[in-house]
Amino acid sequence: MPELPEVETVRRGLAPVLEGRRLKRAQARRPDLRFALPERFAARLEGAKVLKLDRRAKYLVAPLDTGESLVAHLGMSGRFTILAKRGTERPGEFYYADAPDPTHTHVVLETDRGDRIEYNDPRRFGYMTLIPTDDLEAHAYFASLGPEPLGNAFHAEHLSGAFAGKKQNVKATLLDQRIVAGLGNIYVCEALFRSSISPKRAAGRIAAARLELLTTTVRDVLNEAIEAGGSTLRDYATVDGALGYFQHRFKVYGREGEPCPTCAAPIVRIVQGGRSTFYCPKCQR
DNA sequence: CCCACGACCTGTGGGC
DNA sequence: TGCCCACAGGTCGTGG
11 MPELPEVETV RRGLAPVLEG RRLKRAQARR PDLRFALPER FAARLEGAKV
61 LKLDRRAKYL VAPLDTGESL VAHLGMSGRF TILAKRGTER PGEFYYADAP
111 DPTHTHVVLE TDRGDRIEYN DPRRFGYMTL IPTDDLEAHA YFASLGPEPL
161 GNAFHAEHLS GAFAGKKQNV KATLLDQRIV AGLGNIYVCE ALFRSSISPK
211 RAAGRIAAAR LELLTTTVRD VLNEAIEAGG STLRDYATVD GALGYFQHRF
261 KVYGREGEPC PTCAAPIVRI VQGGRSTFYC PKCQR
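Numbering (the numbering used here), first residue to last: 11 to 295.
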């Protein structure tokens, strides 16, 4: 599920049930996700008050009143489900229409208000840990991250500096979290399409004016996806029963062989760095 | 340092 | 129906 917009959507969904709540119970059903969970993981969570729920790049970061922060990355298939106490659902909470396979529910949290939050992750590429809040910025997960694409430090000058001299193609370069933090395979394809930049072009060989456009399209595509509630590629419904069905229509991602929305030439799929890239060879140069 | 590639793990969908 | 392969939203470690 998760690129930046999806993680942000999860953050917004979880914040109302977590922020200001005390964790009455925590359970780790296995000792590891992608990496080993820290020593006494559940015990260190139990009794802690969640001060806030933040996002940095694709990480969720929850500072606790114990001085530690719970840090979670959803990997490829991680998802949180809120099982709100019956009758207490509020707007902003959500569940997935297709219930996750319970055999892959690895972490369960219960708040002092009676809400239950489950972390499910079949592929187990996700990870969680506890880091002293004061040490977050220096931690290996965060120290080398580039700027937030929706923040003020992400602009054309940043990209021209980071791209200077790079022979690597721009697609792979934009996936490098040290250059911009939070982009993933889908939104890189979409932003390059909107910028008319070929994914095969060397990052160091993009004119300044096009980098300006690229920063704009990156922001736009992320903001639109966040507004749409994150593109989970699956339907989800809001707890209050509103028709929450969401189908984000990508322009190129996953559309091999379909006509380019601009010029009708077929969208092409290529492999770069072992991952699929979708683009229009006529529009993107 | 830069870059390409395999590894991690499970599920799903297409082709035969 | 069953089997096998390719592929999936991300990162990390290794080796050139």
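By construction, the Cβ of each residue, glycine as well, lies at the ideal position given by its N, Cα and C atoms.
List the residues that DSSP assigns as beta-bridge partners of S79. P73 and I141
Contact between the stretch 71-88 and the stretch 47-61: three or more CB pairs below 8 angstroms? yes
Beta-ladder partner(s) of Q37, from DSSP: V118
Could you tell me the boundaries of the alpha helix (DSSP H) in which L185 lies? V180 to L185
So, helix, strand or coil for E128, using DSSP? strand
Applying the criterion that 16 or more other CB atoms from any shown protein chain within 10 Å of the CB defines a buried residue, is E149 buried or exposed? First, the amino acid is wrong: residue 149 is His here, not Glu. Burial call: exposed.
What are the boundary residues of the beta strand (DSSP E) that R89 is part of? R89 to L93
For P15, count the other beta carbons within 10 Å of its own beta carbon; 16 or more makes it buried, fewer makes it exposed. Which is it? buried
Exposed or buried, T287, counting other C-beta atoms within 10 Å across all chains shown (16 or more means buried)? buried
Measuring alpha carbon to alpha carbon, tell me which of I127, R54 and E18 ends up nearest L28. I127
Please classify D131: is it buried, with 16 or more other beta-carbons within 10 angstroms of its beta-carbon, or exposed? buried
By how many angstroms is the C-alpha of I236 removed from the C-alpha of E18? 7 angstroms
Is there contact between the stretch 165-174 and the stretch 220-240, where contact requires at least three CB pairs shorter than 8 angstroms? yes
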